[in-house]
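Undergrad: In my numbering, the protein residues as written are 80 to 463.
Cβ atoms here follow ideal geometry from the backbone N, Cα and C, with glycine treated the same way.
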C-alpha cells in the first residue's frame, strides 16, 4: 500500500502556464514540471509547492515507505467544475495505483478547499501548506481580507455601519459641532452592537414567524395575547400613576413598592389571560393537555398574591396605606368582629391564600391529566 503525495491546484495555474494536462504522476514527471513552471513564471508560488511535494515524497522514501507523487488541478471555468475535475483525477489515480492514504500539499486558502474532496475518497494523513517566507505576512493578510470580503453577512455587519458612520460624522460635525457628532455616532454604534449582541433581529424574526403561524392557524391565543398586552399596558400605566401621586416619598423603595402594589393585579391578569389562551389552544389541538399548562394560571395568580402581599406590608409599615378592616359578621344569634388586620397578619393571609391556590392548581392539573389518560386508554381498548 502506497502513500499519495499530491499537489492540488484548484485554479489550474500550472496547466494554464505550461499547457500540460493533469494529472501529472511520477517523480520524474513532477520534477520536469517544476522546470516548466519556473521558466513560465519564476515568481509563481507553485514552484515552491511542487518542490515541497518532491521533498515530502523523498523523505517518505528514505523512511522505506512506498509513495506515489502526483499533481492534480481543477481544469474548469466554474468552481463546481474544478472540484469535480479534481475528484475525477483522484478517482483515476485510485484505479491505477494501490493507495492507502494521502498527504496534500497546497499553497493557498483557495487550494485548501479541495481537502474535503480528497478526504471523501481516501484518508488524509497530513495537509502541508507552503507559504513563501518573504510573503508570509502579506499573503496571510491578503487571504484574510479576501475571505472577509467574500462573506456577505460580515460585509453588512461591519462595512455598512462603518461607512454610515464615516459619512454621517462630517455632516453632524458641520451642523452641530464635532462633540455632538462624535457623541451621536458613538451612541448609534453602541446601540447597533447591542442590537447584534443580543440577537434582537433573530428574536424579532422568530416572533413575526410565530405570529404569522398563529394567525393562519386560527389559534385562540392570538386574541388572548392581544388582551394580555393591553392589560400589561394598563398595569404599567396604573402603577406609574400611583407613583406620581405619592407625596414626601424619599428614595426608591416606597415608589417601587407602590408601583408593584397597584400594577401587580393587572400584570397577573395579563399572564393568566395569555396562559388561558395557550391552554385552550392545547385543548383544541391535542387530546392530552400537559399538566404544566393547566397549572400555569394558578401559579401566576399565586405569585401575584405573594408579591402584592409583600408590597402591601412595606407600604402599611411606612403608613402609605391603611390597615385592612373586616366588618362585623353575624352568625345566627352570635356575631364576630369587627376585625383589624395588622401588616403582618395581612401578609400571612396573602401567603396562605397563595399556597392554597397553588395546591388547588396542582390538584386540578392532576385530575384533568388523569382523566385525559383514562379516556385515551378507553379509546384504545375500544378500538382494539
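Using 10 angstroms around the beta-carbon of residue 423, count the other beta-carbons present and answer buried if the total reaches 16, otherwise exposed.
TA: Exposed, since its Cβ has fewer than 16 Cβ neighbours within 10 Å.
Undergrad: Pull up the DSSP beta-bridge partners for residue 420, would you.
TA: 403.
Undergrad: Taking the C-alpha atoms as reference points, what is the distance between residue 171 and residue 268?
TA: Approximately 55 Å, taken between the alpha carbons.
Undergrad: If you reduce the DSSP assignment to three classes, tell me which class residue 180 lands in.
TA: Correct three-state label for residue 180: strand.
Undergrad: Does the Cβ-Cβ distance between residue 339 and residue 398 come in under 9 Å?
TA: For residue 339 and residue 398, no; Cβs fall outside 9 Å.
Undergrad: Using a 10 Å radius around the Cβ and a threshold of 16 neighbouring Cβ atoms, would you call residue 168 buried or exposed?
TA: Buried, because 16 or more other Cβ atoms sit within 10 Å of the Cβ of residue 168.
Undergrad: Less than 9 Å between the beta carbons of residue 151 and residue 87, yes or no?
TA: Contact: yes.
Undergrad: Could you work out which residue in 124, 380, 209 is closest to residue 434 when comparing CA atoms only?
TA: Closest option to residue 434, Cα to Cα, is 380.
Undergrad: What is the DSSP secondary structure of residue 88, counted as helix, strand or coil?
TA: Strand.
Undergrad: Does DSSP classify residue 155 as helix, strand or coil?
TA: Coil at residue 155, not helix or strand.
Undergrad: Would you mind stating whether residue 349 and residue 307 have Cβ atoms separated by less than 9 Å?
TA: Against a cut-off of 9 Å, the Cβ pair of residue 307 and residue 349 comes out as a contact.
Undergrad: My understanding is that residue 209 touches residue 97, with C-beta atoms under 8 Å, so please give their C-beta distance in whole angstroms.
TA: In fact, because the Cβ distance is near 18 Å, the residues do not count as touching under 8 Å.
Undergrad: Identify, in the order they occur along the chain, each residue of the same chain with its Cβ nearer than 8 Å to the Cβ of residue 99, setting aside the five sequence neighbours on each side.
TA: Answer for residue 99: 93, 112, 115, listed in chain order.
Undergrad: Helix, strand or coil for residue 370? Go by DSSP, reduced to three states.
TA: Correct three-state label for residue 370: helix.
Undergrad: Check for me: the beta strand (DSSP E) holding residue 110 runs from which residue to which?
TA: Looking at the DSSP string, residue 110 is not in any beta strand (DSSP E); the run it does join, the alpha helix (DSSP H), is 106-119.
Undergrad: Restricting to Cα atoms, I'd like to know which of 264, 251, 258 is closest to residue 244.
TA: The residue with the shortest Cα to Cα distance from residue 244 is 264.
Undergrad: Would the stretch 100-107 count as touching the stretch 141-155 if we require 3 or more Cβ pairs under 8 Å?
TA: Yes, since at least three Cβ pairs between the stretch 100-107 and the stretch 141-155 fall closer than 8 Å, the two stretches touch.
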